[in-house]
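Remarks on the structure that follows.
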Amino acid sequence: MKTTPSVIAKNFDEVRTKIALVDGLVEWAELDVMDGVFVPNVTWQIADDLRLLEGKTKLSAHLMIEAPETVVEDWQSGADRLIVHLEATDDMDGLIERQSVHCPLGVALNLATPVAQIFPYLDRVKLVQLMSIARTGFGGELFDETVFDKIKILKKGYPDVKIIVDGGISLEIAQKLLTAGADELVVGSAIWNAPDPVAALRQFQTLSQ
1091 MKTTPSVIAK
1101 NFDEVRTKIA
1111 LVDGLVEWAE
1121 LDVMDGVFVP
1131 NVTWQIADDL
1141 RLLEGKTKLS
1151 AHLMIEAPET
1161 VVEDWQSGAD
1171 RLIVHLEATD
1181 DMDGLIERQS
1191 VHCPLGVALN
1201 LATPVAQIFP
1211 YLDRVKLVQL
1221 MSIARTGFGG
1231 ELFDETVFDK
1241 IKILKKGYPD
1251 VKIIVDGGIS
1261 LEIAQKLLTA
1271 GADELVVGSA
1281 IWNAPDPVAA
1291 LRQFQTLSQ
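In structure tokens, the structure reads:
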């Protein structure tokens, strides 16, 4: 099971600083991109900035934005994968068709969205990100254990689909998610709010060793 730090930033300098701190320590870092429409908060969201980043860690862009189909090509040019919300688009089929080999597409589901709504796409999408907090786009939210039911359903019906869980994850919860079969955890506050973020990251990484 992989641990992926999430990066919420108001500007690109903050993005660059956080990515540099974990570069080479993790396979992925996930950039939370919010437009103030699909979710209330607003973050840095200039896709072209990603071309300025150099490092070993791959970049996942979690697009918490309305109508991601209008900007997907912009983000494909700098990110290594894109995560788009099923609830944010009326053209998921079109988005899937536009995914590229170098930048595959994953689909995120808000906590309240029934997992069955993603079934029609799982023949073409092999990455699902399950939100495990009630309010998508907010840091420091409480983990909701109903996500375990979604994991169980996906593991049984679609064993080849990679499952990412995002939101409210502590070390104790991470251990439960490992047991449940999650493939990757996106962790924010538990890393960045720690006195030593790198040490906190390494604690999560030891769970899967």
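Just so we're aligned, residue 1091 is where the sequence shown starts under the numbering used here, counting upward by one.
Here a beta-carbon is modelled for each residue, glycine too, at the ideal position from N, C-alpha and C.
Cβ-based neighbour list, residue i, same chain, cut-off 8 Å, excluding 5 preceding and 5 following
i, result
"Asp-1139", "Phe-1102, Val-1105 and Gly-1168"
"Phe-1233", "Ser-1222, Ile-1223, Gly-1257, Gly-1258, Ile-1259, Ser-1260 and Ile-1263"
"Gln-1135", "Val-1123, Met-1124, Asp-1125 and Ile-1155"
"Glu-1144", "none"
"Glu-1231", "Ile-1223, Ala-1224, Arg-1225, Gly-1257 and Gly-1258"
"Val-1114", "Contrary to the premise, residue 1114 reads as Gly rather than Val in this sequence. Excluding residues within five positions, the ones whose Cβ falls inside 8 Å are Gly-1145, Lys-1146 and Thr-1147."
"Ile-1109", "Val-1097, Ala-1119, Leu-1143, Gly-1145, Thr-1147 and Leu-1149"
Residue i - partner residues in DSSP beta bridges
i, result
"Val-1121", "The sequence shown places Leu at residue 1121, not Val. Answer is Val-1097 and Ala-1151."
"Glu-1274", "Lys-1092 and Ile-1254"
"Met-1221", "Asp-1256"
"Gly-1196", "Ile-1173"
"Val-1129", "BP columns for Val-1129 are empty, so no partner."
Short Cβ contact (8 Å threshold) for residue i with residue j
i, j, result
"Leu-1220", "Ile-1243", "no"
"Ser-1298", "Leu-1267", "no"
"Val-1127", "Glu-1156", "yes"
"Glu-1235", "Ile-1254", "no"
"Val-1161", "Val-1197", "no"
"Val-1061", "Glu-1177", "A question about residue 1061 goes unanswered here, because the residues of the chain that appear run from 1091 up to 1299."
"Leu-1172", "Val-1288", "no"
"Thr-1133", "Glu-1159", "no"
"Phe-1238", "Ala-1206", "no"
Nonlocal neighbours in the same chain, by C-beta distance under 6 Å from residue i, ignoring five residues either side
i, result
"Val-1129", "Met-1154, Thr-1226 and Gly-1227"
"Arg-1214", "Ile-1186"
"Gly-1284", "What sits at residue 1284 in the sequence shown is Ala, not Gly. Cβ neighbours of Ala-1284 beyond the five flanking positions: Ala-1290."
"Trp-1118", "Thr-1094, Lys-1148 and Ser-1150"
"Lys-1245", "Gly-1271"
"Ile-1281", "Pro-1095, Pro-1287, Ala-1290 and Leu-1291"
"Leu-1217", "Gly-1196 and Lys-1252"
Cβ shell of residue i (< 7 Å), same chain only, five flanking positions each side left out
i, result
"Gln-1295", "Thr-1093"
"Leu-1195", "Leu-1172, Val-1174, Leu-1185, Ile-1186, Gln-1189 and Val-1215"
"Gly-1229", "Ile-1098, Gly-1278 and Ser-1279"
"Asp-1170", "Lys-1148, Leu-1149, Ser-1150 and Cys-1193"
"Gln-1265", "Leu-1297"
"Trp-1165", "Ala-1137, Ala-1151, Leu-1153 and Leu-1172"
Proximity test, Cβ basis, 8 Å: residue i and chain D
i, result
"Leu-1195", "The structure shown has no chain D; it contains just one protein chain."
Practice prompt. Tell me the start and end of each unbroken beta strand (DSSP E) in the segment 1135–1177 that is at least 3 residues and wholly inside, in chain order.
Written response: Correct list: 1148–1154 and 1171–1175.
Practice prompt. Evaluate the contact criterion for the segment 1220–1238 versus the segment 1200–1211: three or more CB pairs, one atom per stretch, below 8 Å.
Written response: Short answer: they touch.
Worksheet item: Is it a yes or a no for the segment 1150–1167 touching the segment 1244–1251, going by three-plus beta-carbon pairs under 8 Å?
Response: Contact between the segment 1150–1167 and the segment 1244–1251 is absent, because fewer than three Cβ pairs lie under 8 Å.
Discussion item. Three or more C-beta pairs under 8 Å: does that hold for the segment 1206–1218 against the segment 1170–1190?
Written reply: Touching, yes, given that three or more Cβ pairs across the two stretches are closer than 8 Å.
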